[in-house]
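Working notes, beginning with the structure itself.
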DNA sequence: GTTCATATGTAGTGATCCTACTTATTGGGT
DNA sequence: ACCCAATAAGTAGGATCACTACATATGAAC
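Here it is in structure tokens:
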């Protein structure tokens, strides 16, 4: 999984990882690694700045807590984040359909 | 179609556009625009440097010609380019499958 | 003769993800 | 006791890539 390929799609993955419930950064990292069979294995230098961006954009809301002596910043999808996620999903479907069509010459399997 | 989404996937599109036969840059641009229903509409500042990169990488070979008083640089897929294209296609399928699975939670429609 | 489509190109910008490093706590191995 | 791995968060700087804006030139239409 090359680095450049992910560009522009990471936010959608992070939002999706938070859709099932609140998670802290490290947990998001692991959730993503497991849900993709290890193919999306983000370094901390990618995930934390990305979460900060999403928080600054108002798509997720973070709050500090301490569990087992370790500080955690737990993130939840905001209402704007939920909307953004469905937008990103639609964007992805469109994007994937276009690229697949251009590459394969065959139409995308209908999901409608 | 947001700009950042395309990052890392452009080369595959360009190689695919050249698969059906030799084309010059402007023609590649139009072919891509038409094959994607206008959704991939690359500015010249994107396409020409990208073609230069591919040529420098040995994936395409360019040659000058003059048609109707206008100079053209016509590109052909090299052998390495053909191999690269099938690699890029495989990469895309893997990538798309992973992202779709992570976003939708459902497996990719089997193409096998 | 001016404007549009054709045709190619460069310089600089901005966004994004990664590498490498730092800090801190808990718990297991020896 | 000591060290190291896993957990947990973060920053600074670098590399890549596509885009904006601009420059150049010809042919065709009006």
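Residue numbers (the numbering used here), protein chains in the order written: chain C, 102 to 213; chain E, 102 to 213.
Glycine residues also receive a C-beta, built at the ideal position from the N, C-alpha and C atoms.
Are residue 130 of chain E and residue 143 of chain E touching if we call contact CB-CB under 8 Å?
yes
Assign residue 163 of chain E to one of three DSSP states: helix, strand, or coil.
strand
Relative to the alpha-carbon of residue 139 of chain C, which residue among E:199, E:205 and E:119 has its alpha-carbon at the smallest distance?
E:199
Which value, in whole angstroms, describes the spacing of the CA atoms of residue 178 of chain E and residue 118 of chain E?
10 Å
So with CB distances below 7 Å, who are the chain C contacts of residue 188 of chain E?
Chain C residues near residue 188 of chain E: none, gap ~11 Å exceeds 7 Å.
For residue 153 of chain E, the three-state DSSP class (helix, strand or coil)
helix
For residue 141 of chain C and residue 187 of chain E, the rounded distance between their alpha carbons:
22 Å
May I ask you to report which of helix, strand or coil DSSP gives residue 209 of chain C?
Any reading at residue 209 of chain C must be qualified, since the residue scores a pLDDT of 45, below 50, and its modelled position is unreliable; no value is offered.
Minimum C-alpha distance to residue 106 of chain E - residue among E:196, E:160 and E:205:
E:196
If you follow the beta strand (DSSP E) that residue 178 of chain E is part of, which residue opens it and which one closes it?
171 to 178
Under 7 Å from the C-beta of residue 113 of chain C: neighbouring residues of chain E
204
Own chain partners of residue 180 of chain C with C-beta closer than 6 Å, once the 5 adjacent residues on each side are dropped
none
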